[in-house]
Structures are given as C-alpha cells and as structure tokens.
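Since the structure comes first, as structure tokens, the remarks are kept for the end.
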Ligand code: SF4
Ligand code: SF4
C-alpha cells in the first residue's frame with residue numbers, strides 16, 4: 001500500500017496562519033486548516049491515504065481532504081513514499097553553463113589603508129594576503145586598471161550592463177587611477193554597446209569636496225564602512241596612531257549625503273563582540289547621519305579573538321535583528337521606506353525562490369582583481385595565490401574555475417544536506433570558512449543557529465507581507481542587477 005510523506009520543509013507562522021518553506025523547490029505556501037493538518041501528520045511519519053482519511057475526514061470532509069492531498073502533491077510538498085524523500089539519495093550536482101558571464105568585477109585599486117581597524121580581515125592577524133612585504137604593488141597602475149576594464153567587458157559576455165566596484169585597502173587612496181578608470185570604462189563600454197555601472201566602498205576619511213563632486217556627477221554608488229556613533233566607531237575604527245576616526249568621517253559623510261543625490265548611499269557596519277545596540281546604531285546612521293540604508297555583518301575572524309562574537313552574542317544579535325526586521329515590516333506594510341538592508345536582501349532571495357548551489361557569486365558572476373591584475377574568487381581573496389582564478393591579461397583560468405566549482409558545490413557539504421536553510425545559505429561565505437577553518441570548502445557550522453534563526457525571521461516577514469501588502473513584494477520581480485559585494 002502506498003504511503004504519503006512530507007517532503008523536506010520548514011514550517012513557520014506569519015500573519016496568524018501557518019506557512020511552509022519547501023526546501024527542494026525553495027517555494028513558500030500558505031496552509032489552510034486541512035493542508036496544515038495533513039502536513040503535520042506527514043511530518044511525524046508516513047501515512048497511507050486510508051490512515052489520513054480515518055483521522056482527518058470527519059473534521060475536514062472527504063472531498064476537501066482529497067483535493068488538498070492532490071494540491072499538496074502537485075506543489076511537491078508531499079510525495080508518495082516510493083523512494084526515500086528525505087534526500088537520502090545524493091544530491092545531483094548541477095553546474096551553471098560555462099563560460100558564465102561576469103556580472104561584477106571588484107577592483108582592489110590599493111591594498112594600503114590609512115586606518116588600522118583592529119578587526120580588519122586584510123591587515124589583522126587573520127589576513128590571507130601579505131600586503132606589507134611588497135609582494136604585490138601597493139597601488140594598482142593605470143595600465144592594470146585598463147586591462148581590468150577590458151577583461152570585465154569581455155568576460156561579461158552578452159550582459160548589457162557591466163558592474164565595476166572599486167575596493168581597497170582604502171579605495172580613495174588611489175583616486176587618480178579610479179577617476180581615469182571610470183572615464184576609460186565608460187568610453188570602451190560605449191564603443192562596445194555596453195553600459196558600465198560604478199560603485200565603491202570607502203572608510204570616508206578622504207571624502208574631499210572635489211571627490212564628492214566627481215562621485216555625484218558620475219553617479220558612482222557609494223558604500224561607507226562605518227560602525228555607528230562615536231563610541232562604537234572609535235572602538236575599532238582607528239588611525240595608525242590609535243585615535244578614533246568618527247570625528248574625521250562624520251562631517252565628510254554628511255557633506256557627501258548632502259551633495260551626492262544621484263544614488264542612494266548605504267552604510268556597512270561590522271558587528272563585533274558586545275554589548276551591541278543595533279537599533280541605536282541603525283537610528284544614528286539613518287536619522288542622525290542620513291544614510292538611506294544600513295547593512296550589518298558580523299565580523300569575520302578566527303575564534304578566540306577579543307572582537308569575535310560569542311555564541312550568546314549571536315543569540316543577542318538575532319533578537320535585535322528580529323526587532324529591527326519587524327520594524328521594517330511595519331514600515332513596508334505602509335509603503336514607507338525602511339533602510340535595514342539585511343532583511344530586504346533576504347526577502348528578495350526568498351521571493352526569487354533562490355536555491356543556491358554556491359553561497360555567493362564569488363568565482364562565478366563576481367571576481368576580485370588584485371593590484372597586480374591577478375584575478376581571485378572575490379575582493380577578500382584578491383592577491384592570494386591559493387585562490388587565484390586567472391589574470392586580467394590572460395583571462396579566467398577555466399580549469400581552475402571548474403575545479404573550484406566542483407569542490408565547493410553544496411552537494412559536497414554533507415553537514416548541510418539535512419539543513420532546511422541550505423537553499424539560501426549553501427554553507428556560507430568562503431572567506432569566513434577560510435578564516436575560521438583554514439579551508440574555503442568547509443561549511444560555516446559555527447553560525448548555523450544564527451543563519452537558521454535569521455532565515456526563519458525573514459520567512460515570517462515575507463509571509464506577513466504576502467498577506468498584508470503583497471504589492472510591496474512586486475519590487476523583487478525584476479532580475480537581480482549585480483552580485484552583492486559583502
Ligand atoms: S552552514 Fe549551517 S545553516 Fe548553512 S546550510 Fe550548512 S548546515 Fe545549514
Ligand atoms: S560572501 Fe564571502 S566569499 Fe562570497 S563574495 Fe562575499 S566575502 Fe567573498
């Protein structure tokens with residue numbers, strides 16, 4: 001006799017009703033009473049149709065029960081137990097077609113920085129690339145930057161838009177090359193019929209009036225690395241002599257926000273060991289400074305460092321993220337802007353039904369270029385020979401890329417195979433894994449509770465919005481423009 005079983009799913013509640021997130025398809029469905037009763041039974045153990053009838057028909061009615069079983073089977077929430085449904089069978093490895101077009105090139109125009117942030121992944125004890133002993137040039141030359149532009153335009157394939165992000169070190173230390181690169185890329189893009197979009201990340205210390213004017217005129221997207229109010233910023237974001245940077249950057253950022261109106265400007269906050277007051281940081285950066293949006297990221301570090309977030313710190317962070325996410329929800333229900341970008345980014349991934357074979361675009365749609373033109377997985381690996389995928393002069397080493405993708409596919413991460421959050425997490429950031437475990441292919445098992453907790457919050461927010469203001473979600477119907485640079 002055939003039994004039915006629930007496929008892998010995560011049940012959550014939003015807007016007072018149950019939903020399921022279906023792991024194999026990354027789809028979300030609201031459940032009515034009958035569907036919920038069936039799913040609950042089939043989550044406990046497999047049931048035959050007759051067993052379901054005998055337990056549920058009296059309350060839900062035969063016809064309703066039959067229709068619901070058919071519907072749940074159609075959306076693949078449940079299945080006949082002919083083969084094991086819990087994916088005991090190995091997950092097939094599906095690779096994107098190659099050559100996969102490059103969407104975003106992150107150009108590390110310098111590996112030098114005028115700040116000395118204690119937690120910095122580039123200079124602290126956890127650094128991957130030796131930037132001090134002259135192995136790589138301190139600044140990217142104009143010639144290498146031009147070659148990088150040619151590389152990007154070529155590797156972007158049929159894409160109509162190529163995204164170039166300038167990064168560092170402190171990016172604006174090499175403003176002369178940045179400026180010339182933008183002009184060159186624009187001209188070459190026009191010749192080839194492509195639009196080139198520019199953005200940069202900076203610590204804000206060098207935002208002089210002429211630079212601000214240039215960024216505004218050229219519609220360069222700007223992300224500022226800043227940690228919050230003075231006492232938070234000055235804890236880690238210090239100059240080489242140890243003095244805090246808040247009083248230097250705050251007026252410059254205010255000036256930037258006043259003059260640069262052609263693109264929304266965001267802040268990127270690194271969260272460290274507590275005590276954390278995320279809402280206060282958010283309020284300060286949006287209301288007192290004026291940022292359009294704020295994204296938070298836990299510091300990447302090996303365990304045991306003073307600034308590493310502890311397990312209880314992650315719990316606390318999740319609680320505060322949840323509060324801010326629910327504030328985002330209330331604003332969004334009223335179609336008011338709220339700048340908590342972490343929740344917005346995850347909502348977009350949920351809406352698009354993303355099911356990732358790889359955690360991010362690194363080594364696929366996104367690559368980082370070191371000051372000497374070596375191409376690596378992403379900006380955080382730029383300059384690391386062990387993570388090199390080619391050069392801007394010779395192009396992408398397709399063998400190295402294939403070997404990387406083969407090794408890092410989610411199907412290899414057996415620890416993740418039973419995790420309901422894997423369509424969105426896929427093992428997490430390679431750089432985090434490298435810093436934590438010395439190996440990019442390891443899943444980031446130290447923060448699974450945090451990832452699952454945060455994903456659950458975002459599913460709830462998504463469910464609430466789908467009931468209370470579904471029009472809000474329509475903004476995510478558009479394809480994703482660029483890879484995210486975290
Ligand atoms: S790293 Fe953890 S949370 Fe992420 S997919 Fe793997 S098991 Fe799940
Ligand atoms: S998530 Fe990690 S590996 Fe991926 S692009 Fe960002 S820093 Fe690089």
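Numbering (the numbering used here), first residue to last: 1 to 486.
The C-beta atom is built at its ideal place from N, Cα and C for all residues, glycine as well.
Within the region 287–345, the alpha helix (DSSP H) runs of at least 4 residues that lie entirely inside it are, in chain order, 311–333.
Here residue 268 has 223, 225, 295 as same chain residues with Cβ atoms under 6 Å from its own Cβ, once five neighbours each way along the sequence are excluded. If you measure from each CB to the nearest heavy atom of ligand 2, the residues under 5 Å come out as 360, 362, 378, 380, 429, 430, 431, 486. The shortest C-alpha to C-alpha distance from residue 419 to any of 16, 14, 26 is the one to 26. Residue nearest to residue 366 within the set 47, 57, 164, 215 is 164 (criterion: CA-CA distance). Contact between the region 133–142 and the region 189–204 is not established, with fewer than three Cβ pairs separated by less than 8 Å. Counting only the Cα atoms, residue 462 lies some 10 Å from residue 468.
Chain-ordered, the residues whose CB falls short of 7 Å from any heavy atom of ligand 1 come out as 413, 415, 416, 419, 421, 422, 425, 426, 427, 428, 443, 444, 445, 448, 451, 452. Listed as beta-bridge partners of residue 9 by DSSP are 22. Per DSSP, the unbroken beta strand (DSSP E) holding residue 366 starts and ends at 366–369. Our two residues, residue 472 and residue 391, have alpha carbons roughly 42 Å apart in a direct line. Counting only runs of at least 3 residues, the region 236–261 fully encloses no beta strand (DSSP E) element at all.
Inside the region 360–402, DSSP marks whole beta strand (DSSP E) runs of 3 or more residues at positions 366–369, 374–376, 388–391, from first to last along the chain. For residue 221, the three-state secondary structure derived from DSSP is strand. Burial check for residue 63: the Cβ neighbour count within 10 Å stays below 16, so the residue is exposed. Residue environment: residue 155 is assigned as buried (16 or more neighbouring CB atoms within 10 Å of its CB, all protein chains considered). Note: residue 41 is not bridge-paired with any residue in the DSSP secondary-structure output.
By the Cβ neighbour-count rule, residue 347 is buried, with 16 or more other Cβ atoms within 10 Å of its own. When beta bridges are read from the DSSP output, residue 417 appears opposite no residue.
For residue 174, the secondary structure class from DSSP, reduced to helix, strand or coil, is helix.
For residue 456, the enclosing alpha helix (DSSP H) covers residues 448–468. Annotated as distal: residue 136 and residue 174, with beta-carbon spacing of 8 Å or more.
Two segments are said to touch when three or more pairs of C-beta atoms, one from each, lie closer than 8 Å; by this definition the region 333–345 touches the region 286–295. By the neighbour-count criterion, in which 16 or more other beta carbons inside 10 Å mark a residue as buried, residue 95 falls on the exposed side.
In this structure, the CA atom of residue 403 is about 10 Å from the CA atom of residue 397. At least 8 Å separates the beta-carbon of residue 375 from that of residue 356. Looking at 218, 413, 305, the one whose alpha-carbon comes closest to that of residue 445 is 413. Contact between the region 245–258 and the region 204–213 is present, with at least three C-beta pairs closer than 8 Å. Spanning the alpha carbons of residue 316 and residue 1 requires a straight line of approximately 49 Å. The beta-carbon separation of residue 271 and residue 308, rounded to 11 Å, does not stay under the 8 Å limit for a contact. Around the beta carbon of residue 240, fewer than 16 other beta carbons lie within 10 angstroms, which makes this residue exposed. For the options 171, 102, 50, 93, the alpha carbon positioned closest to that of residue 108 is the one of 171. A residue is called buried when at least 16 other Cβ atoms come within 10 angstroms of its Cβ; residue 187 does not meet this threshold and is exposed.
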